[in-house]
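Notes for the one structure printed next.
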Amino acid sequence: MDLELIKYMTAIKKRFWVIVLAVLVACASAFFYSRSMESDYYSATTKLIVNKTSQVLGGEQMDLNAIGVSMQLMGTYAQIILSPAIMDKVVEQFPDLGLTSNRLMGMVTVRPLGETQVMVIAARDTSYARAAEAVNAVTDVFQAEIPKIMKVDNVTVLNKAKENEPTSPTGQNLTKNIAIAFLVAFTLATGVIVLLEYLDTTIKSEEEIWQLFGVQTFAVVPRMRTRDFRRKAKKGRRNRAAGPRRCGDQNGGKSLMTTPALKSATIMDSNPFSPVSETYHTLRANIEFLSNKTPIEAITVTSTEWGEGRTTTAVNLALAYARSGKKGAFDRRGFEKTYPARDSGAASQRRA
């Protein structure tokens, strides 16, 4: 499977709760809208039969071919009923309805009744009386006009809608509204997740580093929080006896903790036994292992932009070397304007 497709599928799976939440909110909104804002609708129907036209020896005879042709004609008749040729005449002949052709077309539906020659014409409106009058008017006009249009009289009315016997309301477009809300919410939520993943160019795993650059990762520094910089009293006493805390720099061999920005970034000094501090020891060990044959003279710590943890990495790596008994000089140039690490990106995961 394509890696890009796997990437997007993983993003959708990770944020699937967003899709579920969007669908639930949309469907609930559609439900309450349908219940509170839309009126009840009534449906009135008439039934027509499209029958045979052939006669044999003056008597009627069952003709299966004629029945098949009649069933095929029902699709044509349905389009004729919903055309302006019929609707305009209904509006003209029944002005009491107070309907336009377009409104009438929106009210009326036509469908065959299963695999039969029966055709059902239905009108839907908030008033049953108006729906019954409209569907009966459409039926009368269609029956009168079909011989002129098709040159054949093969339509018989089985029953008309009873205007004085209203049926139960068919309800709002509840199912339709919920279905539309579901599809729209699902599509939009999925599209937003895919778009965010497409626009996200950050590296989130060691595997991505290997795929993009073909290099291995020395160490992964966990997320740092304020509590990671807190040192318990007992551990503090152990830290003071743990060995050298100084690493000579270009400021006369003074401690690295003399600069406020550097002091706040030194988690190895404030909490030397934390998992984060151990990560910097691992980083130092891996660097020394890889440079076993070629001694390292200088290590440059850089970043693509401000706030990615350059100060934190450089200072704690220097302390890791100092605590292992290594001696060296720490060039502090370029760090003077750097803010404390816990305020400038230490909350994000860094890799060296």
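Note that UniProt numbering gives residue 236 to position 236 of the sequence shown, counting from 1, and the numbers run on in steps of one.
Glycine included, C-beta positions come from ideal geometry on N, C-alpha and C.
CA-to-CA, the gap between Ala-129 and Lys-151 works out to about 33 Å.
Every beta strand (DSSP E) of 3 residues or more that sits fully in the stretch 96-177 is shown, in chain order, as 108-112, 118-125 and 155-159.
Cβ atoms of Val-135 and Ala-123 come within 8 Å of each other, at about 4 Å. In terms of Cβ geometry, Ala-181 and Cys-27 form a close pair [threshold 8 Å]. If you look at Ala-44, you'll find it isn't in any alpha helix (DSSP H); it sits in the beta strand (DSSP E) that goes 42-50.
DSSP places Pro-275 in the uninterrupted alpha helix (DSSP H) bounded by 275-290.
Between the C-alpha atoms of Thr-312 and Lys-7 there is a straight-line separation of about 31 Å.
Measuring C-alpha to C-alpha distances from Tyr-41 to each of Ser-270, Pro-275 and Leu-174 identifies Leu-174 as the nearest. Here Met-9 is exposed. Its C-beta has fewer than 16 other C-beta atoms within 10 Å. Ranked by how close their Cα comes to the Cα of Leu-82, the residues Ile-121, Leu-5 and Ile-296 have Ile-121 in first place. Look at Phe-330 here: in three-state DSSP terms it is strand. Apart from the 5 residues on each side of it in sequence, Phe-218 sits with its Cβ closer than 7 Å to the Cβ of Leu-283, Asn-286, Ile-287 and Ala-352 in its chain, given in chain order. Secondary structure at Val-301: coil, using DSSP grouped into helix, strand and coil. The C-alpha of Pro-295 lies about 54 Å from the C-alpha of Ile-19.
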